[in-house]
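Data block below; observations after.
Residue numbers (our numbering): 145 to 562.
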C-alpha cells in the first residue's frame, strides 16, 4: 500500500502511482502511467490525469491520498491535479508579464515622475491613497487604465499563487475562498459608497434650490423696500417744495399788504409804527416755527405708519412660511413612518425567503452527496466485479472450448472436388 505522506511537488504523485502499479503487475495500466511519467508534469492535460485517477481507484489510492484535518479538504490527488494546473497558469502569467514590452514601456513613461523622485531621494508620502491622484474629469486617461490593468494582473497572480500554496501544503482552497469573499465585500462597499454619493448629490441639489429661493425672496423684499424708500423721498421733496411755494406766496402777499397798510398807517401814526412792526415780525417768526414743527411731526407720523404696515405684512408672511414648514415636516414624518413599516415588512419577507432558500440548499446538497456516494460505490463494485470476472475467466470473459479437431488438408480438398 502507499503511505500517506506530503510530497514536495504535486508531480511526485505520478512516481508513487508508478511504484504501486509495478506491484500490481497490470501491463496496460503500467504502460499508460509510464508514458505519462516520461513527460513533464506541466504538459500533462487535465483529462489524462482524470483517466489516471480512475485507473488507480481499484487499488485503494483514494483512501490513502485524503488529507484529514480540522477543516474539510480535498483528496491529495485531486488537490495535486488542481495545483498542477495552477502551475501552468502561473507560469503563463509570468511569461505574459515579461514579453509585453510595449505595456512595460508605456507604464515606465507614465511613472517617470515617480521614478525620478525615488532616484533623487525626494521624500514620499507615508500613507498613499489611490484616490488622491485620480481626476474625476479624466477617467479615460491611459495612465489610469495601465494602473488598473497592472493591479488586476497582480491580484489574479497573487490569488492563484496563494491557492496553489494552500492546495500543495494543506490540500485546501481557503485562500481562494477568502479572496473571493474579500472581493465581494469590496464590491458591496463600493455599491454603498455609490448610493451615499447619489443621496448626497440629491441633498446638495435640494439645498442649492432652497438657497436660490431664499436669495430670490430676499432680493424681492429688498427691491420692494428700496422702492418704498424712493417713493417716500420723492413725496418728502414734493412736500418741501409745495410748502416753500406756499410760504413764499403767503409772505409776498403779507408783505404787499403790510407795505400798503404801513404806508397808510405811517402817514397817520408814525410813532406806533415801529412797535407794531416789531410785534408783527415776532408773530411771523412764531408762525413759521409752528409750521415747520407741524410739518416735521406729520412726516414722522407718516414714517411710523409706513413702518407699522411693513412689519405687520412681514409678520403675516413669516407666520405663513413657518406654518408651511411645520406642515411639510409633518408630511415628511408621516412618509418616513410609512416607509419604515414597509421596510420592516419587506425585511420579514426577505428573512423568510432566505431561510427557505438555505433549507432548500441543505436538502439539495444532502441529495447530491447521497447520489454521489451511491455512484462511487457502484463504480467501485462494478470495477471489482469486472476484474474478478476477468481473473476467474467467468461470464463474457470465459474461455471458449474447441468442440473437435480441424479436418486434414487432404480431406478438405477432396470434399471440394466432389
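Where is the CB? At the ideal position from N, CA and C, for every residue including glycine.
Keep in mind it's a predicted model, so treat the numbers as computed, not measured.
Checklist entry - At what residue ranges does the stretch 449–531 contain a whole run of the beta strand (DSSP E), taking only runs of 3 or more? => result For secondary structure counted as the beta strand (DSSP E) over 3 or more consecutive residues, the stretch 449–531 holds no complete run.
Item to check | Alpha carbon of residue 335 to alpha carbon of residue 369, nearest angstrom | outcome: Taking the straight line from one Cα to the other gives about 51 Å.
Checklist entry - Any contact of the stretch 216–235 with the stretch 312–321, i.e. 3+ C-beta pairs under 8 Å? => result With the cut-off at 8 Å, the stretch 216–235 and the stretch 312–321 touch.
Next on the checklist: Taking 7 Å as the threshold (C-beta atoms), are residue 308 and residue 227 in contact?
Outcome noted: Closer than 7 Å, so yes.
Checklist entry - Do you know offhand how far residue 281's Cα is from residue 254's? => result Note on geometry: alpha-carbon atoms of residue 281 and residue 254 lie some 18 Å from one another.
Item to check | Member of 328, 540, 365 and 416 whose CA lies at the smallest distance from the CA of residue 462 | outcome: Of the listed residues, the one whose Cα sits closest to residue 462 is 365.
Checklist entry - Just curious, the alpha helix (DSSP H) that residue 411 is in, first and last residue? => result Under the DSSP assignment, residue 411 falls in the alpha helix (DSSP H) whose first and last residues are 318–412.
Checklist entry - Mapping DSSP to helix, strand and coil, what is residue 236? => result Collapsing the DSSP output to three states places residue 236 in a helix.
Next on the checklist: According to DSSP, residue 416 sits in a beta bridge with which residue or residues?
Outcome noted: For residue 416, which the question treats as bridged, DSSP gives no partner whatsoever.
Next on the checklist: Since residue 237 and residue 299 should fall inside the 8 Å C-beta cutoff, what is the C-beta to C-beta distance between them, to a whole number of angstroms?
Outcome noted: So it is not a contact: roughly 11 Å between Cβ atoms.
Item to check | CA nearest to the CA of residue 428, picked from 247, 342, 391 and 517 | outcome: With distances taken between Cα atoms, residue 428 lies closest to 391.
Next on the checklist: Using 8 Å for Cβ pairs, my map puts residue 243 next to residue 305. What's the rounded Cβ distance?
Outcome noted: Contact between residue 243 and residue 305 fails: their C-beta atoms lie close to 19 Å from each other, not under 8 Å.
Item to check | Distance, residue 354 Cα to residue 482 Cα | outcome: Rounded to whole angstroms, the separation of the alpha carbons of residue 354 and residue 482 is 26 Å.
Next on the checklist: Here's the rule I'm using: 16 or more other beta-carbon atoms within 10 Å means buried, otherwise exposed. How should residue 230 be labelled?
Outcome noted: Flag for residue 230 reads buried.
Checklist entry - Of all the options 446, 303, 377 and 333, which has the alpha carbon lying nearest to the alpha carbon of residue 324? => result The residue with the shortest Cα to Cα distance from residue 324 is 303.
Checklist entry - Are the Cβ atoms of residue 250 and residue 290 separated by less than 7 Å? => result Taking a C-beta distance under 7 Å as the contact criterion, residue 250 and residue 290 qualify as a contact pair.
Item to check | Cβ-based neighbour list, residue 541, same chain, cut-off 7 Å, excluding 5 preceding and 5 following | outcome: Answer for residue 541: 533 and 534, listed in chain order.
Next on the checklist: With H, G and I counted as helix, E and B as strand and the rest as coil, what does DSSP make of residue 534?
Outcome noted: The answer is helix: DSSP assigns residue 534 an H, G or I state.
Next on the checklist: For a test of the three-state rule: what should DSSP assign to residue 306, helix, strand or coil?
Outcome noted: The answer is helix: DSSP assigns residue 306 an H, G or I state.
Checklist entry - What three-state label does DSSP hand residue 445 in the structure shown? => result Here residue 445 sits in helix by DSSP.
Checklist entry - Could you give the distance in angstroms between the alpha-carbon of residue 512 and the alpha-carbon of residue 294? => result One C-alpha to the other measures close to 41 Å.
Item to check | Three or more C-beta pairs below 8 Å linking the stretch 414–432 and the stretch 442–457 | outcome: Contact between the stretch 414–432 and the stretch 442–457 is absent, with fewer than three C-beta pairs closer than 8 Å.
Checklist entry - Under a three-way DSSP split, which group does residue 435 fall into? => result Annotated three-state conformation of residue 435 is helix, per DSSP.
Item to check | residue 249 - DSSP class collapsed to helix/strand/coil | outcome: Three-state DSSP puts residue 249 in a helix.
Checklist entry - Any idea what DSSP makes of residue 428, helix, strand or coil? => result Helix.
Item to check | Where residue 300 sits in the DSSP three-state scheme | outcome: Residue 300 falls in the helix class under three-state DSSP.
Item to check | Meets three-Cβ-pair contact criterion under 8 Å: the stretch 407–416 and the stretch 479–498 | outcome: No, the stretch 407–416 does not touch the stretch 479–498.
Item to check | residue 263, enclosing alpha helix (DSSP H) - first and last residue | outcome: From DSSP, the alpha helix (DSSP H) with residue 263 extends over 256–263.
Item to check | With 16 other Cβ atoms within 10 Å as the buried cut-off, status of residue 310 | outcome: Around the beta carbon of residue 310, 16 or more other beta carbons lie within 10 angstroms, which makes this residue buried.
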